[in-house]
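Peer 1: Residues 8 to 385 in our numbering are what the sequence shown spells out, letter by letter. For glycine and all other residues, C-beta sits at the position ideal for the given N, C-alpha and C.
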Amino acid sequence: MSKIRLGILGGGEDSLIGILHRVAANMFDQFEIVGGVFDVQHDKSLKFGEKLQLDSSRIYKSLDDMIEKEAILPEDQKIQAVSILTPNFLHFPMAKQLLENGFNVICEKPLTTTYEEAKILNEILQKANTIFAVTYTYTGYPMIRQMKTMIANGEIGKIQKVDVQYYQGWINPLIHDKEKRSTTWRLDPEKSGISCCIGDIGTHAYNMAEYVTGMKVNKVLADLNYLYEDNPMDIDGTILLRFQENIKGVLRASQIATGEENNFSVKIYGDSGGLKWEQENPNYLYLLKEGMALQVLKPGHEYNSEFSLEGTKLPPGHPEGIFDSMGNIYYGVAMAIKDKSSHKGTYPKLNDGLRGMNFIEKTVDSHKQGNVWINLEE
Numbered sequence: 008m009s010k011i012r013l014g015i016l017g018g019g020e021d022s023l024i025g026i027l028h029r030v031a032a033n034m035f036d037q038f039e040i041v042g043g044v045f046d047v048q049h050d051k052s053l054k055f056g057e058k059l060q061l062d063s064s065r066i067y068k069s070l071d072d073m074i075e076k077e078a079i080l081p082e083d084q085k086i087q088a089v090s091i092l093t094p095n096f097l098h099f100p101m102a103k104q105l106l107e108n109g110f111n112v113i114c115e116k117p118l119t120t121t122y123e124e125a126k127i128l129n130e131i132l133q134k135a136n137t138i139f140a141v142t143y144t145y146t147g148y149p150m151i152r153q154m155k156t157m158i159a160n161g162e163i164g165k166i167q168k169v170d171v172q173y174y175q176g177w178i179n180p181l182i183h184d185k186e187k188r189s190t191t192w193r194l195d196p197e198k199s200g201i202s203c204c205i206g207d208i209g210t211h212a213y214n215m216a217e218y219v220t221g222m223k224v225n226k227v228l229a230d231l232n233y234l235y236e237d238n239p240m241d242i243d244g245t246i247l248l249r250f251q252e253n254i255k256g257v258l259r260a261s262q263i264a265t266g267e268e269n270n271f272s273v274k275i276y277g278d279s280g281g282l283k284w285e286q287e288n289p290n291y292l293y294l295l296k297e298g299m300a301l302q303v304l305k306p307g308h309e310y311n312s313e314f315s316l317e318g319t320k321l322p323p324g325h326p327e328g329i330f331d332s333m334g335n336i337y338y339g340v341a342m343a344i345k346d347k348s349s350h351k352g353t354y355p356k357l358n359d360g361l362r363g364m365n366f367i368e369k370t371v372d373s374h375k376q377g378n379v380w381i382n383l384e385e
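(1) From 288, 280, 219 and 278, pick the residue whose C-alpha is nearest to that of residue 270; which is it?
(2) Of all the beta strand (DSSP E) runs that stay within the bounds of the stretch 300 to 357, which reach a length of 3 or more residues?
(3) When the Cα atoms are used, what is the spatial distance from residue 39 to residue 205?
(4) Would you call the stretch 314 to 334 and the stretch 79 to 88 in contact, with 3 or more CB pairs under 8 Å?
(5) Using the rule of at least 16 other Cβ atoms within 10 Å of the residue's Cβ for burial, across every protein chain shown, is residue 182 buried or exposed?
(6) Near residue 272, what residues of its chain come up, given a Cβ to Cβ distance below 6 Å and the 5 sequence neighbours on each side ignored?
(7) Do three or more CB pairs link the stretch 55 to 71 to the stretch 356 to 376 at distances below 8 Å?
(8) Which term fits residue 299, buried or exposed, when burial requires 16 or more other beta carbons within 10 angstroms of its beta carbon?
(9) So is residue 301 buried or exposed if we call it buried at 16+ other beta carbons inside 10 Å?
(10) Which full runs of the alpha helix (DSSP H) of 4+ residues lie inside the stretch 137 to 201, going along the chain?
(11) What's the gap between the Cα of residue 44 and the Cα of residue 252?
(12) Could you tell me the alpha carbon to alpha carbon distance between residue 242 and residue 259, rounded to whole angstroms?
(13) Using 8 Å as the cut-off, can you tell me whether the stretch 197 to 213 makes contact with the stretch 333 to 351, which would need three or more C-beta pairs spanning the two stretches below that distance?
(14) Taking the Cβ atom as the reference point for each residue, do residue 153 and residue 382 lie within a distance shorter than 8 Å?
(15) Using the three-state DSSP reduction, which class does residue 367 fall into: helix, strand or coil?
(16) For the alpha helix (DSSP H) containing residue 86, name the first residue and the last one.
(17) The alpha helix (DSSP H) with residue 30 in it runs from where to where?
(18) Roughly how many angstroms separate the alpha carbons of residue 355 and residue 247, rounded to a whole number?
(19) Do residue 452 and residue 131 have their C-beta atoms within less than 8 Å of each other?
(20) I believe residue 296 touches residue 170 by the beta-carbon criterion, under 8 Å. Please report the beta-carbon distance rounded to the nearest angstrom.
(21) Should the stretch 211 to 221 be called in touch with the stretch 136 to 155, which here means at least 3 C-beta pairs below 8 Å?
(22) DSSP beta-bridge partners for residue 17?
(23) Measure the C-alpha to C-alpha separation of residue 358 and residue 250 and round it to an integer number of angstroms.
(24) State the beta-bridge partners of residue 242 as determined by DSSP.
Encoded structure:
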């Protein structure tokens, strides 16, 4: 089949996330970027589109303009899928409009700024019958997929402890100066939603805990840190988790962990073994067994699962990274659009984003109510 025609909203000249998505989209030769709206300023969008060697007639002034003009193109030329790479507050209106007009959607997380908005998108998707992915990027790493498979196969026994941590330090230079912290949209509730740290990176850790274990979080108890009374957005937090059968876990997230870069770690302990993975060293999965030497599993080897190997592009000893991880998610979306069979969990779905928004809101509620246990909706 021909490549899937992809449009992009946001992700322009100075966007790190834009580079990540463009490289990922091209990785398996399943997508072709044909147009979009890369910047709110049309002249900047045009200039960037030219840099990408795109047809200038398909660099649109707005999403409305794109939908209107794409609708009159021949069926074999129309954009089929659209990636939303904008700030959080634009995710919902853009995703809603795209779904209502029959597009497949790939959306950055968090899915929306409120749980209610996420539920509306979920309802629309049921009628739209299209594909919707939320880019929880780290689920695409081969060794995370190996971890998921090993846990599902019972290789560490019954889970009895979940520990996920995501530490960054990038807000530390901004948070102590009121004028500086007003320069980032992440600390603006109008653009970011009710949460900064938990909404941005905590939701990655929450999604990962559910993804690798196959269990759902039932309850949360949160203690968040805002550092200053005039700062309305959390920038650090610790959350206790309760899963099914009263299995317990902890989620720690911070954007004021001074000196930390992108320290995301996942530790799952069963009654007969444990597994550990760190995002900054993503090609190593550590297997712990009582009374046995530590085992280190790496991608590309035949001892790994078919699911892990499907997302491995290089021979053993050749590092794979975040571009490859996102590329695996795009590949999963492509296979779904083309209605080809694939492994379970090849891309995060809208329901994962829906659960993420539920988690964010209940976490903030738990903190504001005095650090109490709150049930998540099923």
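Peer 2: The relevant details are as follows:
(1) As a working note, residue 270 is residue 263 in the sequence shown. Nearest C-alpha to residue 270: 288.
(2) Look at the stretch 300 to 357 and you find these whole runs of beta strand (DSSP E), each 3 residues long or longer: 302 to 304.
(3) Mapped onto the sequence shown, residue 39 falls at position 32. Mapped onto the sequence shown, residue 205 falls at position 198. Between residue 39 and residue 205, the C-alpha separation is close to 33 Å.
(4) The answer is no - the stretch 79 to 88 does not touch the stretch 314 to 334, with fewer than three Cβ pairs under 8 Å.
(5) If you number the sequence shown from 1, residue 182 lands on position 175. It counts as buried.
(6) Start at 1 with the first residue of the sequence shown, and residue 272 comes out as number 265. Closer than 6 Å at Cβ, skipping near neighbours: 172 and 285.
(7) Touching, no.
(8) Within the sequence shown, numbered from 1, the residue matching residue 299 stands at position 292. So residue 299 ends up on the exposed side.
(9) Within the sequence shown, residue 301 is the residue found at index 294, counting from 1. Counting the other CB atoms within 10 Å of its CB gives residue 301 a total below 16, which places it among the exposed residues.
(10) Whole alpha helix (DSSP H) segments, 4+ residues: 149 to 159, 179 to 182, 185 to 188 and 196 to 199.
(11) Within the sequence shown, the letter at position 37 stands for residue 44. Within the sequence shown, the letter at position 245 stands for residue 252. Per the coordinates, the alpha-carbon of residue 44 lies some 47 Å from the alpha-carbon of residue 252.
(12) Reading the sequence shown from its first residue, position 235 is the one you call residue 242. Reading the sequence shown from its first residue, position 252 is the one you call residue 259. So the two alpha carbons sit approximately 11 Å from each other.
(13) No, the stretch 197 to 213 is not in contact with the stretch 333 to 351.
(14) The residue you call residue 153 lines up with position 146 of the sequence shown. The residue you call residue 382 lines up with position 375 of the sequence shown. No, Cβ-Cβ distance for residue 153 and residue 382 is not below 8 Å.
(15) Looking up residue 367 in the sequence shown gives position 360. Assigned with DSSP and collapsed to three states, residue 367 falls in helix.
(16) Within the sequence shown, numbered from 1, the residue matching residue 86 stands at position 79. First-last for residue 86: undefined, no H or E at that position.
(17) Working through the sequence shown from its first residue, we reach residue 30 at position 23. Unbroken alpha helix (DSSP H) run through residue 30: 23 to 34.
(18) If you number the sequence shown from 1, residue 355 lands on position 348. If you number the sequence shown from 1, residue 247 lands on position 240. About 23 Å.
(19) This structure leaves residue 452 out entirely; the chain is present only between 8 and 385.
(20) Within the sequence shown, numbered from 1, the residue matching residue 296 stands at position 289. Within the sequence shown, numbered from 1, the residue matching residue 170 stands at position 163. 18 Å between Cβ atoms; not a contact.
(21) As far as the Cβ criterion goes, the stretch 211 to 221 touches the stretch 136 to 155, which means the pair count is three or higher.
(22) As a first step, residue 17 is located in the sequence shown; it is residue number 10 there, counting from the start. 92, per the DSSP bridge assignment.
(23) Reading the sequence shown from its first residue, position 351 is the one you call residue 358. Reading the sequence shown from its first residue, position 243 is the one you call residue 250. If I take the Cα positions, the gap works out to 18 Å.
(24) Mapped onto the sequence shown, residue 242 falls at position 235. Within the DSSP bridge table, the entry for residue 242 names no partner.
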